[in-house]
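If you read the sequence shown in my numbering, its first letter stands for residue 2, the second for the next number, and so on.
Note that beta-carbon positions come from the ideal geometry of N, C-alpha and C, so glycine has one too.
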Amino acid sequence: IWVLKNVRKSAKAARLVKHILATRWWGYFVAKHMNMYRFDKEIVDKYGFDGKKLMSVYVYIDLGISATTFNLAALIKKIKIPTLIISAEYDKLCDFKTLSEQFTEKPHHISIVEIKESGHTAHFEQPALVASHIEKFIK
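Dropping the structure here:
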């Protein structure tokens, strides 16, 4: 966190980070080692770069900071409306299995589905299955 907060204070460091994050190598690295269960270069090429070009480097920095400090369990306990939580079997960023162990009893208004054989980007890896769970939830 310290590194990210200090990069946020320096425009020169932020430009360097933006340059690194914009490379295809970095996009493939993150997809392969953090986001995807089965690395698919075609999916990364199709969905992984256009939005990043438009994003501010500070969004990436803030995302990194929040990912290390965000308390999802506390947030879920505050939810009072019907909510669908889609988790993925091999999600390395949001380990919902560990999170769900923190609940002694799951609130009745929260539905949880797990997408098998998928990582953090389940909506790209198995879009039809994710969409079917969302459709079933909203009906």
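Looking at the unbroken beta strand (DSSP E) that takes in residue i, where does it start and where does it end?
| i | result |
| --- | --- |
| Leu-85 | 84-89 |
| Met-112 | The question names Met, but residue 112 is Ser in the sequence shown. Unbroken beta strand (DSSP E) run through Ser-112: 111-116. |
Is DSSP giving residue i helix, strand or coil here?
| i | result |
| --- | --- |
| Phe-50 | coil |
| Ile-77 | helix |
| Phe-125 | helix |
| Arg-9 | helix |
| Leu-94 | coil |
Considering only the alpha carbon of each residue, which of the options lies closest to residue i?
| i | options | result |
| --- | --- | --- |
| Leu-73 | Ile-66, Cys-95 and Tyr-59 | Cys-95 |
| Phe-40 | Lys-140, Val-131 and Gly-120 | Gly-120 |
| Met-56 | Glu-43, His-20, Ala-123 and Phe-71 | His-20 |
| Glu-43 | Leu-130, Phe-71, Tyr-29 and Ala-23 | Tyr-29 |
Ends of the alpha helix (DSSP H) at residue i?
| i | result |
| --- | --- |
| Pro-128 | 128-139 |
| Phe-30 | 25-31 |
| Ser-67 | 58-70 |
| Ile-21 | 12-22 |
CA-CA distance, residue i and residue j?
| i | j | result |
| --- | --- | --- |
| Ile-82 | Ile-111 | 8 Å |
| Ser-133 | Ile-77 | 23 Å |
| Val-18 | Phe-50 | 15 Å |
| Val-38 | Ile-87 | One point to set straight first is that residue 38 is Tyr, not Val, in the sequence displayed. Their backbone Cα atoms lie some 15 Å apart in a straight line. |
| Asp-46 | Trp-26 | 11 Å |
Beta carbon of residue i, beta carbon of residue j: below 7 Å?
| i | j | result |
| --- | --- | --- |
| Glu-136 | Lys-117 | no |
| Ile-62 | Val-4 | no |
| Lys-98 | Met-35 | no |
| Leu-85 | Phe-138 | yes |
| Val-58 | Ala-15 | yes |
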